[in-house]
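See below for the structure under consideration.
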Amino acid sequence: MINPSGLTAVAGIGYRQYKRGTAPLPERGVLVSAIVDACNDAGFDPALIDGFVSYGDDKNEPVRLMPDLGMKHLNWSAQVWGGGGGGVAGAFGLASAAILTGQARAVVVFRALVEGNSGRLSTAVMAHHLNDHMVSAGMVAPAQLCAMRAQRLFEHHGVPTSVCEELVRASYHHGSRNPEAVAFGHEYDAAEARTSRWIAEPFRLFDCSRENDGAGALLLVSSELARDLRKPPVTLLSVAQGAERGWGDLLENDREDLYPTAGFGAIRQRLYDQAGLTPADIDVVQLYENFSAQGVASLIDHGFCTYENVTEVVRFENLIADGGRLPVNTSGGNFAHGFVHGIGCAIEAIRVLRGETANPVAGAKTCLLAGGPGSPTVSSAIFGIG
Amino acid sequence: MAAFSYATATGPLGAEGPYWDALLDGHLKLPRCRGCGAWHWPAVWRCGECGSWDHEWVERALTGTVFSHTRTHHAFAGTEAFDRPFTTVLVSLTEVPIRLIGVLEGSEEGLRIGAEVEGRIDRTRFGTHDIPALRWRLVA
Ligand SMILES: [Zn+2]
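So the sequence lines, in the order shown, correspond to chains A and B.
Counting from 1, one number per residue, gives the positions in the first sequence under the UniProt record's numbering.
Counting from 1, one number per residue, gives the positions in the second sequence under the UniProt record's numbering.
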């Protein structure tokens with residue numbers, strides 16, 4: 001077996017984001033725009049793309065993208081299973097597998113979501129989890145299921161709710177400085193957040209990500225090919241997806257110790273081992289947070305802190321790009337940058353390593369992309385530069 | 001293998017048909033493997049522990065403790081059956097290593113993880129369906 005670490009690289013990125021309901025084109029048009037942006041970024045002819053990977057039940061079947069892109073051959077199309085954002089990082093693993101086995105040469109990882117075409121994301125995600133057991137108990141939304149897990153994280157495992165506020169505040173700090181972000185120019189107001197309306201306790205509105213229209217595309221090629229393209233290659237150092245026994249849509253019968261987690265314990269060791277890295281080697285994190293507590297749980301799962309020392313690590317000053325030791329969500333993340341089913345987190349992983357972010361992290365060489373927390377199938381990746 | 005008649009209001013039925021029929025009949029019944037005695041929830045067709053396809057559905061009491069809980073305030077579509085806010089509890093059953101979910105009724109005083117509850121069987125209106133449902137009450 002080969003170790004895929006460092007053998008493939010992101011050569012180009014494209015990202016279009018709009019306020020929900022205001023996309024200038026239907027979904028596939030927005031997606032084609034983002035793909036062409038990614039190719040222009042890389043200096044790569046879109047006609048030479050020969051593969052696509054997505055996740056989260058994206059509705060844009062790759063073959064339909066061929067005419068607009070001028071493609072002659074589609075050699076690879078695949079999608080990570082699951083309706084949530086659990087597959088965002090794993091998608092790079094599918095793309096990398098195709099390239100390293102010679103089945104495709106230039107694979108675009110994408111996600112597109114325009115409400116008028118694909119409906120509300122939360123509804124689509126929940127369609128995977130809805131059943132008569134949950135509905136009979138009034139449980140119909142991801143927010144409620146995550147709230148119940150958060151309640152146990154706080155009440156039983158002793159994680160203070162204040163760490164969630166620290167994480168959200170850091171996201172807004174970054175988003176307020178990012179011209180592309182929904183929170184651009186808006187400083188975080190603690191009083192507003194603390195008195196925002198309850199959604200499902202312990203979550204208030206500010207603990208929840210809010211959906212945007214848009215599309216993101218990342219062009220993955222061999223590291224060898226990437227070196228000949230326009231931008232400095234950002235290599236895929238590691239990627240892992242999966243789950244473990246006692247986890248995954250079990251009518252809330254997950255193993256007791258796994259229940260309040262985000263599910264990444266199943267992949268953590270594989271993720272770090274593939275890259276030969278440890279949590280201490282990670283310079284910056286792009287953290288998919290659907291809800292605040294699940295973001296914190298994801299940081300714990302990935303080995304950045306524990307139930308015991310979470311308050312020492314998940315502190316505003318420690319999470320911001322300007323001076324923090326663990327900068328998180330330098331674009332503002334799903335909370336404050338925008339939420340196109342987490343593809344923005346992958347985009348920002350590349351931007352921050354290239355130094356193209358609104359919130360630079362000096363000297364950052366490694367960036368961990370944590371996929372959707374709490375999904376039945378989770379995934380994460382580590383990117384590196386230079 | 002038990003025949004069952006329950007038609008779901010949402011997605012496809014898994015291996016838990018007899019659970020719903022028992023609730024319609026006023027009883028809580030849960031599946032235990034005849035091969036190795038393991039309880040399975042969600043229900044399975046094949047026991048992943050011993051490979052048996054044979055399960056018996058055993059009546060159990062609706063008593064347990066709160067494993068976790070949430071109080072829903074937002075008017076999510078599909079929750080019209082309940083006056084908001086309403087509290088949902090996930091309950092660890094006393095007799096078997098299985099958690100079941102349901103809406104809490106009665107006083108919420110003393111609601112915490114570990115609190116003792118007892119349940120009854122009711123119906124939740126969802127669209128045009130009446131789904132058999134568990135309701136829980138804190139034991140004073
Ligand atoms: Zn068995």
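Cβ atoms here follow ideal geometry from the backbone N, Cα and C, with glycine treated the same way.
In this text the structure is predicted, and so the values were computed from the model without any measurement.
Going along the chain, which residues of its own chain have a beta-carbon closer than 6 Å to the beta-carbon of residue i, five neighbours each way excluded?
i               : result
Ser77 (chain A) : Phe52, Pro62
Ala2 (chain B)  : Bear in mind that the predicted position of Ala2 (chain B) carries a pLDDT of just 49, short of 50, making it unreliable; the figure below should be weighed with that in mind. So the list reads Pro18, once near-sequence residues are dropped.
Arg71 (chain B) : Pro85, Thr87
Val80 (chain A) : Tyr55, Gly87, Gly90, Ala91
Ala15 (chain B) : Ala43, Val44, Trp45
Arg60 (chain B) : Leu28, Leu30, Glu95, Val96
Ser92 (chain B) : Gly64, Thr65, Phe67, Arg99
Please list, in chain order, the chain B residues whose beta carbon lies closer than 9 Å to that of residue i.
i                : result
Glu115 (chain A) : Chain B residues near Glu115 (chain A): none, gap ~15 Å exceeds 9 Å.
Gly374 (chain A) : What Gly374 (chain A) touches in chain B: nothing, since even the nearest Cβ is about 14 Å away.
Residues of chain A with CB under 7 Å from residue i, in chain order?
i               : result
Trp41 (chain B) : Leu251, Asn253
Arg99 (chain B) : Glu252, Asn253
Go through its chain and collect everything with a Cβ distance to residue i's Cβ below 7 Å, but skip five positions before and after it.
i                : result
Cys208 (chain A) : Ala143, Ile199, Phe291
Ser96 (chain A)  : Pro4, Thr8, Leu220, Leu236, Val239
Val135 (chain A) : none
Leu23 (chain B)  : Ile121, Pro132
Val163 (chain A) : Val296, Val310, Thr311, Val314
Leu251 (chain A) : His133
Can you list the residues of chain A that residue i reaches, using a CB-CB cut of under 9 Å?
i                : result
Arg112 (chain B) : Glu155
Any Cβ of chain D within less than 8 Å of the Cβ of residue i?
i               : result
Gly51 (chain B) : Protein chains in the displayed structure are A and B, and chain D is not among them.
If you run the structure through DSSP and keep just helix, strand and coil, what is residue i?
i                : result
Glu216 (chain A) : For clarity, residue 216 (chain A) is Gly in the given sequence; the question names Glu instead. Here Gly216 (chain A) sits in strand by DSSP.
His129 (chain A) : coil
Glu27 (chain A)  : helix
Thr94 (chain B)  : coil
Phe52 (chain A)  : strand
Trp53 (chain B)  : coil
Ile382 (chain A) : strand
Gly338 (chain A) : coil
Pro142 (chain A) : helix
Leu368 (chain A) : strand
Trp39 (chain B)  : strand
Ala240 (chain A) : strand
Leu287 (chain A) : strand
Pro31 (chain B)  : strand
Leu24 (chain B)  : helix
Ala95 (chain A)  : helix
Tyr172 (chain A) : helix
Ser5 (chain A)   : coil
Thr65 (chain B)  : strand
Arg46 (chain B)  : coil
Ala2 (chain B)   : Legend: pLDDT at Ala2 (chain B) = 49, less than 50; position of this residue unreliable, value from coordinates given subsequently. Reduced to three states, the DSSP call for Ala2 (chain B) is coil.
Cys208 (chain A) : strand
Leu134 (chain B) : strand
Phe184 (chain A) : coil
Gly85 (chain A)  : helix
Tell me which residues share the same chain as residue i and place their Cβ nearer than 8 Å to its Cβ, disregarding the 5 neighbours each side in the sequence.
i                : result
Thr278 (chain A) : Tyr272, Gly303
Ala38 (chain B)  : Arg32, Cys47, Glu49, Cys50
Ala47 (chain A)  : Leu69, Gly70, Met71, Lys72
Gly114 (chain B) : Thr65, Val66
Thr377 (chain A) : Val80, Trp81, Gly82, Gly86, Gly87, Gly90, Gln241, Gly242, Ala243, Gly248
Report the neighbours of residue i on chain B: residues whose CB is nearer than 7 Å to its CB, in chain order.
i                : result
Asn131 (chain A) : Thr10, Gly11
Ala262 (chain A) : The premise fails here: Ala262 (chain A) is roughly 15 Å from chain B at the closest Cβ pair, so nothing lies under 7 Å.
Ala141 (chain A) : Phe76
Going along chain A, which residues have a C-beta under 8 Å from residue i?
i                : result
Ala133 (chain B) : Ser136, Ala137
Gly106 (chain B) : The contacting residues do not exist; Gly106 (chain B) stays about 16 Å from chain A at best.
Gly102 (chain B) : Ser136, Ala137
Thr124 (chain B) : Val135, Ser136, Ala137, Gly138
Can you pull the chain B neighbours of residue i, defined as C-beta to C-beta under 8 Å?
i                : result
Arg149 (chain A) : Ser68
Arg152 (chain A) : Phe67, Ser68, Ile113
Gln144 (chain A) : Thr70, Thr72, Phe76, Thr88
* Positions along the region 175-204 of chain A whose CB lies within less than 8 Å of some CB in chain B -> Flagged, chain order: Arg197, Trp198, Ile199, Ala200, Glu201, Pro202.
* Asked: Which of the residues in the region 65-96 of chain B, read from start to end, lie with their CB under 8 Å from any CB of chain A?
  -> Phe67, Ser68, His69, Thr70, Arg71, Thr72, His73, His74, Phe76, Ala77, Gly78, Thr79, Ala81, Phe82, Pro85, Phe86, Thr88, Leu90
* **Validate contact between the region 358-366 of chain A and the region 66-77 of chain A using beta carbons, cut 8 Å, 3 pairs** => no
* Compile a chain-ordered list of the residues in the region 330-352 of chain A whose CB is closer than 7 Å to at least one CB of chain B. => none
* Mind listing which residues of the region 8-34 of chain B have their C-beta closer than 7 Å to chain A's C-betas, in chain order? -> Of all residues in the region 8-34 of chain B, Thr8, Ala9, Thr10, Gly11 have a Cβ within less than 7 Å of some Cβ in chain A.
* Asked: Using 8 Å as the Cβ pair cut-off and three pairs as the minimum, do the region 101-121 of chain A and the region 209-219 of chain A touch?
  -> yes
* To do: Count the CB pairs spanning the region 260-272 of chain A and the region 30-45 of chain B that are closer than 8 Å, and state whether there are at least three.
  => no
* Using Cβ-Cβ distances below 8 Å, what residues of the region 207-234 of chain A are close to chain B? -> Of all residues in the region 207-234 of chain A, none has a C-beta nearer than 8 Å to a C-beta of chain B.
* Asked: Would you call the region 111-121 of chain A and the region 62-69 of chain B touching, i.e. three or more CB-CB distances under 8 Å?
  -> The region 111-121 of chain A vs the region 62-69 of chain B: no contact.
* To do: Anything in the region 276-298 of chain A with a Cβ closer than 9 Å to a Cβ of chain B? List those residues in chain order, please.
  => none
* To do: Please confirm if the region 180-196 of chain A is in contact with the region 322-330 of chain A, defined as three or more CB-CB distances below 8 Å between the two stretches.
  => no
* To do: For the region 163-174 of chain A and the region 116-130 of chain B, state whether three or more C-beta atom pairs, one from each stretch, are separated by less than 8 Å.
  => Not touching, per the Cβ criterion.
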